[in-house]
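Here the UniProt record's numbering is used: the first residue of the sequence shown is 1, the next is one more, and so on.
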Amino acid sequence: MITDERQVDRLQVQHHLFRTLWGGNFCSPIAEELRAGGSYVLDVGCGPGTWICDMATDFPNSNFTGVDIVTTFPTERPRNVTFKNGGVITGLPFPDNTFDFVHMSSKVLYFTEAEWRTKIVVELVRVLKPGGYLELEDGDGECYNMNMNPFIVQQIEEIMVSSGLINIRHREVVIPIGNWGGNLGVLMVDLVGSLFYGLRDKITNQMKIRPKDFDRILETCKNELDVYKTYAKSYRFYAMKA
Ligand SMILES: C[S@@+](CC[C@H](N)C(=O)[O-])C[C@H]1O[C@@H](n2cnc3c(N)ncnc32)[C@H](O)[C@@H]1O
């Protein structure tokens, strides 16, 4: 759960970094509609709401909603943004066919493969209007032994097809991690370091290792980033509800 300030800061930096990497906040062909105004946009699992507030600033004539099970919502927000407490597994607190654009990012570590297949995409499609777009952004993550599939991104297109979506598209970008990747690579070292540091207690308990051994391993990993030219990938999938 993202509750402490350090993790909120990490998500905010990550948002701006990913926006730069991708050259924008989304890939779906909906910019003109959003600019014209009157559209309804939902960000599911919005965390501190950085994406939804950024979108609301870019498109002041449309309406934006962020929903999350944890309420780390900002107190200051653009006037066209609202936040709601709620979850995608228990059922989103919105009627069918409400939104023109539904967005969800960074969830690979949150849902099991079975949930992705039977609940998540189906629920996102439920609140989407016919003709509206669903966009999912994620990376691959290491999360073995938790009934999760760290490579769920490889299944997303198939899940979208079986959820009745059409015009499915897929894009990906490479994200360098380490000095070898210039300023972006250096920023990513901080981001990934802070992600692992946030998981320090969990990992040391689960792996039964001492915190100081964890720190040593993390330092060794950092030193190897430039040797192996380490990188991550970010994926976006977008599709229309028929
Ligand atoms: C890694 S954060 C990403 C936040 C935001 N999308 C971003 O990229 O900055 C994942 C978020 O998903 C939320 N989340 C986890 N399970 C959820 C669920 N079942 N329904 C809605 N949100 C959920 C968490 O509370 C957390 O805020």
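Heads up, the beta-carbon is just placed ideally off N, CA and C, and yes, glycines get one too.
Exercise for review: Could you tell me whether any non-hydrogen atom of ligand 1 is closer than 7 Å to the CB of TYR238?
Suggested key: Annotation for TYR238 indicates a beta carbon at 7 Å or more from all heavy atoms of ligand 1.
Practice item. Measure the beta-carbon distance from VAL173 to LYS229 and round it to whole angstroms, keeping in mind my assumption that it falls under 8 Å. Key: With a Cβ gap of about 16 Å, VAL173 and LYS229 do not count as contacting.
Point to revise | residue 263 and LEU195 closer than 8 Å at C-beta | key: The displayed coordinates of the chain run from 1 to 242. Any statement about residue 263 would go beyond what the structure contains.
Practice item. Just the C-alpha distance for ARG75 and CYS53, rounded to the nearest angstrom, thanks. Key: Note on residue identity: the sequence assigns Thr, not Arg, to residue 75. If I take the Cα positions, the gap works out to 11 Å.
Check your understanding: Which runs of the alpha helix (DSSP H), 4 residues or longer, sit entirely within the stretch 24–64?
Key -> With a minimum length of 4 residues, the continuous alpha helix (DSSP H) runs that stay inside the stretch 24–64 are 31–36 and 50–58.
Check your understanding: Enumerated in chain order, which unbroken segments of the alpha helix (DSSP H) with a length of 4 residues or greater are wholly contained in the stretch 50–136?
Key -> You should have 50–58 and 121–126.
**Study point:** DSSP state of ARG169 mapped onto helix, strand, coil
**Key:** Here ARG169 sits in strand by DSSP.
Check your understanding: What separation, rounded to the nearest whole angstrom, lies between the Cα atoms of LEU191 and LEU109?
Key -> Roughly 16 Å between the two C-alpha positions.
Practice item. Compute the distance between the beta-carbons of LYS241 and LYS129, then report whether it is under 8 Å. Key: At the C-beta level, LYS241 and LYS129 come within 8 Å of one another.
Practice item. Run the CB neighbour count on ILE166, radius 10 Å, all protein chains shown included, and call it buried at 16 or more, exposed below. Key: Flag for ILE166 reads exposed.
Review point. Would the C-beta of VAL153 count as close to ligand 1, meaning under 7 Å from any of its heavy atoms?
Key: Closer than 7 Å to some heavy atom of ligand 1: that does not describe the Cβ of VAL153.
Exercise for review: Figure out for me which residue from THR118, VAL186 and GLY182 has the closest Cα to the Cα of MET160.
Suggested key: For MET160, the closest C-alpha among the options THR118, VAL186 and GLY182 is that of THR118.
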